[in-house]
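In my numbering, the protein residues as written are 8 to 153. We put the CB at the ideal spot given by N, CA and C, even for glycine. What follows is one structure encoded as structure tokens, with my remarks underneath.
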């Protein structure tokens with residue numbers, strides 16, 4: 008029998024929910040290994056929609072946390088801010104979304120199989136995002152000097 012889940016029973020996980028977690032437990036509360044099962048499944052579905060372009064209207068949807076979660080974690084990983092904006096290319100954002108989607112899905116499978124990684128998923132994710140940000144900044148710096 009295949010594993011199945013009725014998405015309608017999961018509820019929502021939006022930017023306000025994310026901010027509530029951060030306010031009560033700190034920014035680490037939004038890492039994949041800190042999210043509760045429902046939030047983890049909902050945000051996994053949101054990442055899939057973002058990466059496939061499904062349901063993307065260009066407007067910010069307050070019922071979705073995936074994009075604000077990505078942007079916040081990128082700032083924690085060292086992405087440069089300029090006022091209310093982040094200085095990064097769309098390619099870097101796409102890579103960050105893929106990295107986060109993979110980390111979220113890996114956490115889901117770990118929970119289903121009752122496994123743990125040697126390095127917690129949240130720790131590995133932040134390290135991966137830091138490497139991504141560093142690489143993007145080095146690439147941008149080298150283009151400025153060319």
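Beta-carbon proximity list for residue i, same chain, < 8 Å, skipping 5 on both sides
| i | result |
| --- | --- |
| residue 82 | 88 and 93 |
| residue 115 | 47, 48 and 51 |
| residue 123 | 117 |
Cβ distance (whole Å) where residue i is taken to contact residue j below 8 Å
| i | j | result |
| --- | --- | --- |
| residue 106 | residue 54 | Actually they are not in contact, since the Cβ atoms of residue 106 and residue 54 sit about 10 Å apart, beyond 8 Å. |
| residue 143 | residue 96 | 7 Å |
Proximity of residue i and residue j at Cβ, strictly below 8 Å
| i | j | result |
| --- | --- | --- |
| residue 10 | residue 111 | no |
| residue 25 | residue 74 | no |
| residue 109 | residue 139 | no |
| residue 37 | residue 79 | yes |
| residue 136 | residue 39 | no |
Distance, residue j Cα to residue i Cα
| i | j | result |
| --- | --- | --- |
| residue 18 | residue 50 | 11 Å |
| residue 72 | residue 85 | 20 Å |
| residue 121 | residue 113 | 12 Å |
| residue 126 | residue 117 | 12 Å |
| residue 102 | residue 59 | 13 Å |
| residue 32 | residue 41 | 10 Å |
| residue 61 | residue 141 | 30 Å |
| residue 14 | residue 147 | 41 Å |
| residue 27 | residue 130 | 21 Å |
| residue 145 | residue 119 | 39 Å |
Cβ neighbours of residue i in the same chain (closer than 7 Å, five flanking residues each side left out)
| i | result |
| --- | --- |
| residue 45 | 17 and 18 |
| residue 29 | 36 and 37 |
Any non-hydrogen atom of the ligand SAH within 7 Å of residue i CB
| i | result |
| --- | --- |
| residue 110 | This structure lacks the ligand SAH; in fact it carries no ligand of any kind. |
Entirely enclosed alpha helix (DSSP H) segments - the stretch 66-106, minimum 4 residues: If we require 4 residues or more, the alpha helix (DSSP H) runs fully inside the stretch 66-106 come out as 73-83.
Sequence ranges, beta strand (DSSP E) only - wholly within the stretch 28-65, length at least 3: Counting only runs of 3+ residues, no beta strand (DSSP E) is found wholly inside the stretch 28-65.
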